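Just below is one structure, and these are the notes that go with it.
Residue numbers (my numbering): -2 to 222.
Written as structure tokens, this is what we have:
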């Protein structure tokens, strides 16, 4: 039993917004399916750190989530900035049940136990974005998730969509929460292409940060544990 993670699938199987038009993304769904099925078994868990579907509402995401559901493993999903289909956790979970998507689980103000670890997270926020209301909300959601993780017990692993550190900058408010709960591992997405050269893949302020964007990972889920 292993834990994997990947982000920014940007699936568009039900809408006309193919990512294949971008350099390096050619035939990426087939490539990702091949890598996923080669590495992940049904007993494994895969965390998907946001930007999963280009669908604007849940009705446009059916084919995308059908694809995700049939991939091996249980999946834990958090939302990214492009996941406009996400309204409330309750509505999304009802949609999954109505479509018999049995392997999909939402990470939103909650946490999941995984062996000796607890999986926590939220969308997060970046250092160059100034909407304090959104930032405070995301800090609150991260605290809620980590509090739930404390109740479950185990070492926290945090998954965010936005990077809390990038280049020479950081988001002090998010880092404050991470330090308050003694988080040592953080995985994030959102960064693509040449921008990945500025992504932090290593230890900063005592925390090991790792980028999960699928193009950076060559469309291959990353083994975490």
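Ideal Cβ positions, reconstructed from N, Cα and C, are used throughout, including at glycine.
All of these numbers come straight from a predicted model, not from anything done at the bench.
- Message: One question on the structure: do residue 114 and residue 222 come within less than 8 angstroms of each other, judged by their Cβ atoms?
- Response: Locating residue 114 in the chain shown gives position 117, counting from the first residue. Locating residue 222 in the chain shown gives position 225, counting from the first residue. Result yes, Cβ atoms of residue 114 and residue 222 sit closer than 8 angstroms.
- Please work out which residues of its chain come closer than 7 angstroms, Cβ to Cβ, to residue 215, disregarding the five sequence neighbours upstream and downstream, and give them in chain order. Counting from one through the chain shown, the residue named residue 215 turns up at place 218. The answer is none, since no qualifying residue turns up.
- Message: For residue 72, list the residues DSSP reports as bridge partners.
- Response: Walking along the chain shown from the start, residue 72 turns up at place 75. Answer by DSSP bridge pairing, in chain order: 43 and 101.
- Mind checking residue 123: buried by the 16 CB within 10 Å criterion, or exposed? The residue you call residue 123 lines up with position 126 of the chain shown. Its Cβ being crowded by 16 or more others within 10 Å, residue 123 is buried.
- Item | Closest Cα partner of residue 200 within the set 193, 210, 184 and 67 | On the chain shown, residue 200 is found 203 positions in, with the first residue counted as 1. Comparing Cα-Cα distances from residue 200 to each of 193, 210, 184 and 67, the minimum goes to 184.
- Cα-Cα separation, residue 64 to residue 93: As a first step, residue 64 must be located in the chain shown, where it is residue number 67. As a first step, residue 93 must be located in the chain shown, where it is residue number 96. Cα to Cα, residue 64 sits roughly 13 angstroms from residue 93.
- Message: For residue 90, which residues in the same chain have their Cβ closer than 7 angstroms to its Cβ, ignoring the five residues on either side in sequence?
- Response: Within the chain shown, the letter at position 93 stands for residue 90. Here the set comprises 103.
- Query: Should residue 8 go down as buried or exposed, given a rule of 16 or more other Cβ atoms within 10 Å for buried?
  - Reply: One-based indexing of the chain shown puts residue 8 at position 11. Residue 8 comes out buried.
- Does DSSP put residue 91 in a helix, a strand or coil? For the purposes of this step, residue 91 is taken as the residue at position 94 of the chain shown. Residue 91: helix per DSSP, three-state reduction.
- What do you reckon, are the CB atoms on residue 192 and residue 4 nearer than 8 angstroms? Taking the chain shown and counting its residues from 1, one reaches residue 192 at position 195. Taking the chain shown and counting its residues from 1, one reaches residue 4 at position 7. Cβ distance not < 8 angstroms, so residue 192 and residue 4 don't count as in contact.
- Task: Report the three-state DSSP secondary structure of residue 205 (helix, strand or coil).
- Result: Walking along the chain shown from the start, residue 205 turns up at place 208. Strand.
- Task: Look at residue 62 and residue 98 and say whether their C-beta atoms are less than 8 angstroms apart.
- Result: Here residue 62 corresponds to residue number 65 of the chain shown, with the count starting at 1. Here residue 98 corresponds to residue number 101 of the chain shown, with the count starting at 1. Yes, the Cβ-Cβ distance between residue 62 and residue 98 is below 8 angstroms.
- Determine the direct distance from the alpha carbon of residue 179 to that of residue 146, and round the result to whole angstroms. The residue labelled residue 146 in the question sits at position 149 within the chain shown. The residue labelled residue 179 in the question sits at position 182 within the chain shown. Roughly 12 angstroms between the two C-alpha positions.
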